[in-house]
Every structure is written in C-alpha cells, then in structure tokens.
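Participant: If you read the sequence shown in our numbering, its first letter stands for residue 115, the second for the next number, and so on.
Just so it is clear, CB atoms sit at the ideal spot from N, CA and C, and this is done for glycine as well.
Remember, it's a predicted structure, so these values are computed and weren't measured experimentally.
Mind having a look at this structure? Questions to follow.
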Amino acid sequence: MGSKCVFRSNRGSPNYSLLVIDLQDLKTWTELVPEQKDAVLNWAICVNQDKLVLCYMKDVLNTIQIHELPTGKFLSQLPLPLGSVRAASGSKKHKEFFYKMSSMISPGEIYWRISLRVPWSLLSTTRLRLRALILHSMR
C-alpha cells in the first residue's frame, strides 16, 4: 500500500474500526472497515498480500472474518468451534494463517489454513492427563 498503513482505532468508534492513514498526508484518514455496533474488534492480521483476518468479540464469543485489504470488503466468516481464540499468527507475505482455540473443556487446538479456497485443518491438539486429587481435612 505504499506510504499507507492500516491501524486499529477507537477514534469515533468505541468498538474499534480499521483506518488507512497515508504517512505522507497525516491529515487524511480513511475508514477501511467500519465499527460494528454489536461487536468489538480485537485484532486484525494481513495475510496473503491482500486479505485481512479480523477477530471480533460478540456476546462473549469470538468470530473471525476475512476482508479484502484494498477495499475492506467482507468476504467470509469462519466457522469456529465453541470457545475463545487465544492466539493467532499470520503474515502479509505468507498464505498460511494459524489460530488457537481453547475453552473450559479443551486446553487448546491449533488450526491452520493455506488459502481461502482450502478448508481449515486441525494442526495440533493439547491432551491433558487428569489425576485424582485427594484432600484431607485437618481437625
């Protein structure tokens, strides 16, 4: 995008939006992805040169949306298992995108995707061994 950068901002939007700021013209700010009134934008990552992966929190549930970078146009929403997105990783120069989901009953599963045309794959899951814990009261 040349001298333009994308920023997550709550300027005039308490739930956050994405703004494009031209570093050669700091007075001109353009809204790329508008604020959602019913969801908070937690983070955004650029992947595959021209895609934005956005994570929202709505009614204590995370949602992940894919948008076009140049226009901000909504492309799709990912189907997520019940839980929270705990971590995410991606890069503008790579097609791959990873995210980790966890919940009260699952310590974590890592998902990855090579491109928007390929379904998400489970890459890794954490297994816990539960052992009995016996507590004795002292009187």
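(1) Only counting runs of 3 or more residues, tell me where the beta strand (DSSP E) segments fall wholly within the segment 142-230, in order along the chain.
(2) Using only alpha-carbon positions, find the residue among 153, 159, 126 that is nearest to residue 208.
(3) Here's the rule: buried if 16 or more other CB atoms are within 10 angstroms of the residue's CB, otherwise exposed. What is residue 196?
(4) Roughly how many angstroms lie between the CA atoms of residue 213 and residue 147, to the nearest whole one?
(5) Check for me: the beta strand (DSSP E) holding residue 133 runs from which residue to which?
(6) Taking the C-alpha atoms as reference points, what is the distance between residue 201 and residue 194?
(7) Quick one: is residue 155 buried, meaning 16 or more other Cβ sit within 10 Å of its Cβ, or exposed?
(8) Between residue 232 and residue 215, what straight-line distance do the alpha-carbon atoms span, to the nearest angstrom?
(9) Note the first and the last residue of the continuous beta strand (DSSP E) segment covering residue 123.
Facilitator: Quick look at the numbers:
(1) 154-161, 165-172, 175-182, 188-191, 198-204, 211-216, 223-227
(2) 159
(3) exposed
(4) 21 Å
(5) 131-136
(6) Between residue 201 and residue 194, the C-alpha separation is close to 14 Å.
(7) buried
(8) Note that residue 232 scores a pLDDT of 49, beneath 50, so its modelled location is shaky; the value from the coordinates is reported in the next line. Residue 232 and residue 215 have their C-alpha atoms roughly 19 Å apart.
(9) 118-123
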